[in-house]
Amino acid sequence: MSCCYGQTYHTLKFRAICGRASEAVRRSSDLVLELGATAPEISLLAPFMVPARLLGFHQGTKKGLDPDYPRHLSRVVILD
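Mapping the sequence shown onto numbering that gives the first Met the number 0, position 75 (from 1) lands on 74, and the numbers just tick up by one.
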């Protein structure tokens, strides 16, 4: 049995994207992207999220890329 610290899981990083970040959000996040917009301005972007996602999906499949299994992307990095 080992007496040293072992890390079983990947480290958790928290990123926040918000209109205006409170001090609690700033303390608990590794990266804060503050848009500086109020709620009505941000809600105007919501109808464009799904079409933008579908546009990216179809552009990728036109180029022959597989969105389900991207090349050179794996869950675990193996160091030799």
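For glycine and all other residues, C-beta sits at the position ideal for the given N, C-alpha and C.
Option in the options with minimal Cα separation from residue i
i	options	result
Leu30	Val24, Arg14, Arg19, Leu44	Arg14
Test item: CB-CB of residue i and residue j under 7 Å
i	j	result
Gly18	Leu34	yes
Gly59	Pro69	no
DSSP bridge partner residues for residue i (one or two, in chain order)
i	result
Leu30	Arg14
Collapsed DSSP secondary structure at residue i in the structure displayed
i	result
His71	coil
Ala51	helix
Arg25	helix
Lys62	coil
Ala20	coil
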